[in-house]
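For reference, the structure discussed in these notes is given below.
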Amino acid sequence: MREITYCDALNEALRQCMQEDDRVVVLGEDIGCYGGIFQVTKGLLDEFGPDRIVDTPIAEAGFVGACVGAALTGMRPVAEIMFIDFTTVCMDMIVNQMAKMHYMFGGKGRVPMVLRTNIGAGRGTAAQHSQSFHSFFAHMPGLVVAAPATPYDAKGLLTEAIKNDNPVIFVEHKRLYISKGPVPEESYTIPFGKAEIKREGRDVTIVATHALVGSALEAAEQASKEGIEAEVIDPRTLSPLDKDTILNSVQKTGRLLVADEDNKTYGFAAEISAIVAEEAIYYLKAPIIRNASPDTPVPFSPPLEKAYMFGKEALMESIRRLMAYA
Amino acid sequence: MDPTKDQLISLYRTMQTIRLFEERIVDLYARGEVPGLAHLYIGEEAVAAGVCAVLTDDDYITSTHRGHGHVIAKGTELEPMMAELFGKKTGCCKGKGGSMHIADMDRGILGANGIAGGGLPIAVGAAWSSKWRATNQVTACFFGDDSSSNGTFHESLNLASLHKLPVVFVCENNGYGISVCQAKCTPVTDVASRAVAYEMPGVVVDGNNVLEVYEAAAKAVKRARAGEGPTLIECKTYRWRGHHEGDPNQGARYRTKEEIQAWKEKCPIERFRKKMLKDRITTKKSLGKIDDDISEAISEAVKFAQESDFPAVEEMYDDIYV
Chain A
616 MREITYCDAL
626 NEALRQCMQE
636 DDRVVVLGED
646 IGCYGGIFQV
656 TKGLLDEFGP
666 DRIVDTPIAE
676 AGFVGACVGA
686 ALTGMRPVAE
696 IMFIDFTTVC
706 MDMIVNQMAK
716 MHYMFGGKGR
726 VPMVLRTNIG
736 AGRGTAAQHS
746 QSFHSFFAHM
756 PGLVVAAPAT
766 PYDAKGLLTE
776 AIKNDNPVIF
786 VEHKRLYISK
796 GPVPEESYTI
806 PFGKAEIKRE
816 GRDVTIVATH
826 ALVGSALEAA
836 EQASKEGIEA
846 EVIDPRTLSP
856 LDKDTILNSV
866 QKTGRLLVAD
876 EDNKTYGFAA
886 EISAIVAEEA
896 IYYLKAPIIR
906 NASPDTPVPF
916 SPPLEKAYMF
926 GKEALMESIR
936 RLMAYA
Chain B
18 MDPTKDQLIS
28 LYRTMQTIRL
38 FEERIVDLYA
48 RGEVPGLAHL
58 YIGEEAVAAG
68 VCAVLTDDDY
78 ITSTHRGHGH
88 VIAKGTELEP
98 MMAELFGKKT
108 GCCKGKGGSM
118 HIADMDRGIL
128 GANGIAGGGL
138 PIAVGAAWSS
148 KWRATNQVTA
158 CFFGDDSSSN
168 GTFHESLNLA
178 SLHKLPVVFV
188 CENNGYGISV
198 CQAKCTPVTD
208 VASRAVAYEM
218 PGVVVDGNNV
228 LEVYEAAAKA
238 VKRARAGEGP
248 TLIECKTYRW
258 RGHHEGDPNQ
268 GARYRTKEEI
278 QAWKEKCPIE
288 RFRKKMLKDR
298 ITTKKSLGKI
308 DDDISEAISE
318 AVKFAQESDF
328 PAVEEMYDDI
338 YV
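Chains A and B, in that order, give the protein sequences. Residue numbering for the first sequence follows this note's numbering, starting at 616 and increasing by one per position. Residue numbering for the second sequence follows this note's numbering, starting at 18 and increasing by one per position.
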C-alpha cells in the first residue's frame with residue numbers, strides 16, 4: 616500500500632468527504648490560500664472554492680458557534696481550531712451548545728459537526744500554543760473525542776467523524792503531521808469506541824495515545840529484547856472509550872502503564888487508572904503507573920521543554936518498574 | 018406592507034397568548050408546580066409577536082433565557098410547551114430542557130438559551146446554512162441589551178455582515194442585564210448604534226408598539242431574503258416582573274416602583290387594543306372572545322401538563338448521543 620503522511624491522510628479525508636457530500640464545509644483561520652497552519656487543508660480552496668473553504672476572522676466563538684447553528688439546520692461543518700489552546704475562547708459554544716443541544720432538546724436536534732484541533736509540545740511555542748488538554752473534552756457528556764495516532768487512523772476516524780451525527784472533537788497531534796504510514800486511497804471509516812491492539816504481549820499492558828503510541832511500540836521492542844512482552848493498546852477514541860479491550864488486556868497481563876500527554880493530575884491517564892482500579896484491581900500484580908505530562912504549564916526555555924516531554928525512555932523505565940513486581 | 022385585518026388580529030392574539038401564558042406561570046411557579054427558573058416575558062410581548070409575524074414556518078429563530086414569548090410567537094403548541102416547563106415527559110424536549118432550553122425543530126425554533134449571548138453565533142450559522150443550502154430561509158436572532166456587551170455579539174454581527182447572511186438581529190432592550198442598568202454596562206444608549214461598526218442598518222423602534230416592530234422586521238426580513246445581508250433592530254421595552262420569578266419584589270433592589278408603573282402605562286397589549294378599537298378593526302366583544310379562547314387553551318395546556326408523567330429515571334441516559 617502507498618504511504619502518505621498523517622497530514623495528507625487528513626487532507627484526503629476532507630477532500631473525499633467534500634466531494635461526496637455538498638453539506639460538508641470547512642471553516643477556520645488561515646485554511647484557504649495558506650492551506651492551514653499545518654497544511655491539512657492545502658489545495659481544498661482551489662477545488663471547492665471560498666464558499667465551502669471559509670477563511671474566518673480570528674473569532675473562534677463566532678465561527679464555532681456558526682458551525683453549531685449550521686449543523687443544527689442540515690449542514691456538516693468542520694471547524695479548524697489552530698491549536699487546542701484556542702478552544703478556550705469558544706468553550707461556551709463547545710460545552711454549553713455543541714455538546715448539550717441533542718440532550719437539552721430531548722433528542723430532537725442534532726449537531727453533526729467536527730471540531731479539528733491539535734495538541735503537543737516540542738515546538739518552542741510555550742504555554743499557550745503547546746498544551747494537551749484533550750481529557751477535558753472527554754470529561755463532557757455529549758462529545759465524541761477522537762485521537763488518531765497513525766495516518767491510517769487519521770483518515771478513517773476523520774471520515775467517520777464527518778459522517779457521524781454526533782459532535783466530535785477531533786484531536787490531532789503536531790508531531791505526527793509529518794509521520795508516514797500506509798493509507799488506502801479509497802474512502803473508509805473507523806468506528807468510534809473500538810480500540811486497536813497495536814502489539815500483543817503477555818506481561819504489561821500499555822494504553823497509549825497520540826505520539827506516545829509510537830513511543831510505546833518502540834519501548835515494547837526494546838523490552839522484548841529483555842524478555843518482557845508488552846501489549847500496546849491505542850483507544851483511538853477517548854470518548855466513547857473501549858473499556859473492554861483495556862480490561863481484557865489487564866486481566867491477561869496484570870500490569871498497567873498509561874501513556875498520555877495531558878497533565879498527569881485529573882487527566883486521561885487518571886481515568887484509565889481509575890477504571891482498572893474499579894473493575895480489575897484483583898488482576899493487578901503491580902501498582903498502576905501513569906506516564907503523563909508534569910503538572911506545569913509548558914515551559915519555553917528549550918532545556919525545560921525537553922524535560923517536560925517524555926517518550927520511549929520514560930516508558931522503558933516504567934516497564935522495568937512494573938516488572939520488578941513478581 | 019401594511020398588515021391586513023386578519024394579521025392585526027393575529028398580532029393581538031399572539032401578544033395576549035404570551036401575556037396570559039406568563040401570568041399563569043406566575044401562579045403555577047408560586048405554587049411550586051413549575052420548578053427551576055422562570056424568566057417571564059410580560060411587558061415585552063410586542064417584540065416577539067411583531068417579529069415572528071413576518072417569518073414563515075420554515076424560517077428560524079434563536080431565543081434567550083427569557084424565551085417563552087418567542088416560542089409561542091413562532092407557533093409552538095401550548096400543551097408540549099407547558100409540559101416542558103413542568104419537566105414532564107410529554108414536553109417538547111421530553112422534560113430534559115425546561116424553560117431555558119425550549120426548542121422545536123419542526124417550527125425552526127433552534128432553542129431558548131441559558132447563556133447570555135449564546136444564541137447569536139448559532140443564528141449566524143443557521144443563516145449561513147440557508148445560504149449554503151440555497152433556501153430562502155431567514156433567521157431572526159433575539160437577544161438582550163447586555164448581550165451586546167458580550168464578544169459573541171460582535172463576532173456574530175461581523176461574520177453576518179461580511180458574508181451578507183440572511184439574519185435579523187433583534188435586540189430586546191429592557192434596560193437591565195439582570196440587576197444592572199444599561200448605563201452601567203455600555204457607554205452607548207442605543208445598542209443599534211453599534212450596527213455602524215459592522216456596515217449594517219441599525220434601527221431603534223418602540224418595542225412596546227407592535228406595529229412599529231412589525232414594520233421594521235418586515236423591512237429587515239425583506240432585505241435578508243433578497244441577499245442584502247443582516248439588520249440590527251433594537252426594540253426599547255421593559256420587563257414588568259423581576260429577572261426571574263423569585264427576584265425579590267419584582268426587582269425592587271435595583272429599580273423603583275414608579276419606573277415599573279410608568280412602563281405598565283405603556284402596556285403593548287393595551288395600547289394595541291385601544292388602537293384597534295379606535296380604528297374599528299374589531300369590537301370589544303370579539304377581543305373578549307379571543308381572550309376567553311386563549312384562557313381556555315392555556316387551562317387545557319396546564320391540565321395536560323399536570324396529568325402527564327415525569328420521565329422515568331432511566332431516561333436520564335437517553336439522547337446524550339444520537
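Cβ coordinates follow ideal geometry from the N, Cα and C atoms, glycine included.
Sequence-distant residues of the same chain with beta carbon closer than 8 Å to residue i, five excluded per side
i	result
K858/A	I890, E894
Q837/A	K927, M931
K274/B	none
D207/B	G219, V221, E251
Nonlocal neighbours in the same chain, by C-beta distance under 6 Å from residue i, ignoring five residues either side
i	result
R41/B	I315
T79/B	L127, G136, I139, A140, C158
G259/B	Q267, G268
E96/B	A318, F321
L871/A	T820, V865, V891, I903
I784/A	L730, F752, L758, V760
Interface flag, residue i vs chain B, CB-CB below 7 Å
i	result
M690/A	yes
P756/A	yes
D780/A	yes
G721/A	yes
Residue i: first and last residue of the uninterrupted alpha helix (DSSP H) it sits in
i	result
E94/B	E94/B -> no alpha helix (DSSP H), and no H or E assigned at all.
C632/A	621-635
E287/B	285-295
A237/B	227-242
T34/B	22-47
Interface flag, residue i vs chain A, CB-CB below 7 Å
i	result
K111/B	yes
A120/B	yes
Y334/B	no
Y338/B	yes
I139/B	yes
S325/B	no
W257/B	no
S146/B	yes
Boundaries of the beta strand (DSSP E) in which residue i is found, first to last residue
i	result
P692/A	691-695
S854/A	852-854
E787/A	783-788
A157/B	156-161
S908/A	904-908
P797/A	795-797
Y77/B	77-79
C188/B	184-190
K813/A	811-814
Under 7 Å by beta carbon: chain A residues contacting residue i
i	result
G142/B	G680, A681, C682, V683, G684, A685
I353/B	A question about residue 353/B goes unanswered here, because the residues of chain B that appear run from 18 up to 339.
W280/B	Within 7 Å Cβ-Cβ: nothing; W280/B doesn't reach chain A, min ~31 Å.
Under 8 Å by beta carbon: chain B residues contacting residue i
i	result
V640/A	W149
7 Å Cβ shell around residue i - same chain, five flanking residues per side excluded
i	result
G134/B	F160, S164, N167, T169, F170
R48/B	none
P912/A	A742
F678/A	L642, T671, A694
R242/B	N153, V155, P183
K281/B	W257
V230/B	A63, V64, G67, V68, V222, G224, C252
I668/A	V641, I646, G647, T656, L659, L660
Chain A contact residues for residue i, given Cβ-Cβ distances below 9 Å
i	result
S116/B	By Cβ distance, chain A contributes nothing, its closest Cβ being about 11 Å from S116/B, past 9 Å.
G244/B	None at all; the shortest Cβ gap to chain A is about 13 Å.
G135/B	G680, D707, M708, N711, Q712
Partners in chain A for residue i, counting only beta-carbon separations shorter than 8 Å
i	result
L127/B	G684, L687, T688, G724
Proximal residues, the region 648-679 of chain A versus chain B, C-beta separation under 9 Å:
Taking 9 Å as the upper bound on Cβ-Cβ separation, chain B lies near residues D666, R667, V669, T671, P672, A674, E675, A676, G677, F678, V679 of the region 648-679 of chain A.
Interface residues of the region 700-717 of chain A facing chain B [CB-CB below 7 Å]:
Contact annotation: in the region 700-717 of chain A, residues whose CB is within less than 7 Å of a CB in chain B are D707, M708, N711, Q712, M716, H717.
Residues of the region 171-195 of chain B with Cβ closer than 7 Å to any Cβ of chain A, in chain order
So the list reads E172, S173, N175, L176, given in the order they occur along the chain.
Using a Cβ-Cβ cut-off of less than 7 Å, give me the residues of the region 719-744 of chain A that come near chain B, in sequence order.
Listed by position, the residues of the region 719-744 of chain A near chain B (Cβ gap below 7 Å) are M719, F720, G721, G722, K723, G724, R725.
Cβ-based contacts, 9 Å cut-off: residues of the region 76-92 of chain B near chain A:
Hits within the stretch, in order: Y77, T79.
Taking a cut of 8 Å between CB atoms, which residues from the region 159-170 of chain B lie near chain A?
If the cut-off is 8 Å between Cβ atoms, the region 159-170 of chain B has G168, T169 near chain A.
Residues in the region 307-320 of chain B having any Cβ partner in chain A nearer than 7 Å:
Residues passing the 7 Å Cβ filter: none.
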